[in-house]
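Scroll down for the structure; my scribbles are underneath it.
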Amino acid sequence: MKPTDKQQGQDQKPSDQQQQQSGEGQQYGEGNYKATRDYNKGVKEHMENHDVEREARDAAPRTASEEKEMEEAERIGRGKSRGEGATPDGNAAEPDK
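According to my numbering, the sequence shown holds residues 73 to 169 in order.
Next up, the structure:
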């Protein structure tokens with residue numbers, strides 16, 4: 073049995089709807105291997121060409137109050153990553169005391 077011309081065309085090239093559903097041709101989203109390669113290349117180049125130890129020291133808190141502020145910001149950020157602590161307007165909710 074020989075496939076029809078219509079079936080052959082579908083085997084050779086997916087329809088626009090199939091491409092949209094599979095994400096084929098998109099630049100963003102899961103499976104974006106080019107973005108991953110670009111990111112990894114940038115990290116590698118930065119590590120090779122910069123003094124990351126000095127950058128880490130420069131980013132460290134200089135006072136106890138600055139350290140506390142940074143820890144609080146990190147706590148809020150971690151909570152948001154778990155879906156906690158954010159209000160509908162996108163601002164951090166006040167912590168429960």
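Backbone N, C-alpha and C fix where the C-beta goes; we use that ideal spot for every residue, glycine too.
The model shown is predicted, which means the values in this text are computed figures rather than measured ones.
Helix, strand or coil for residue i, going by three-state DSSP, please let me know.
i, result
"E143", "helix"
"N121", "helix"
"R134", "coil"
Out of curiosity, what's the CA-to-CA distance linking residue i and residue j?
i, j, result
"D123", "G155", "35 Å"
"K169", "E144", "Here K169 scores only 47 on pLDDT, less than 50, and its place in the model should not be relied on; the value that follows carries that caveat. Cα to Cα, K169 sits roughly 14 Å from E144."
"A107", "S153", "22 Å"
"G81", "R109", "Note on G81: pLDDT 48, under 50, position unreliable in the model; the coordinate value appears next. Straight-line Cα distance between these residues: approximately 34 Å."
"E139", "Y105", "37 Å"
"A128", "Y111", "20 Å"
"D130", "G103", "35 Å"
"N121", "G149", "29 Å"
"A136", "K113", "36 Å"
Since I believe residue j is in contact with residue i (beta carbons under 8 Å), could you give me their beta-carbon distance rounded to a whole number of angstroms?
i, j, result
"M119", "P133", "With 8 Å as the limit, M119 and P133 do not qualify as a contact, their Cβ atoms being about 23 Å apart."
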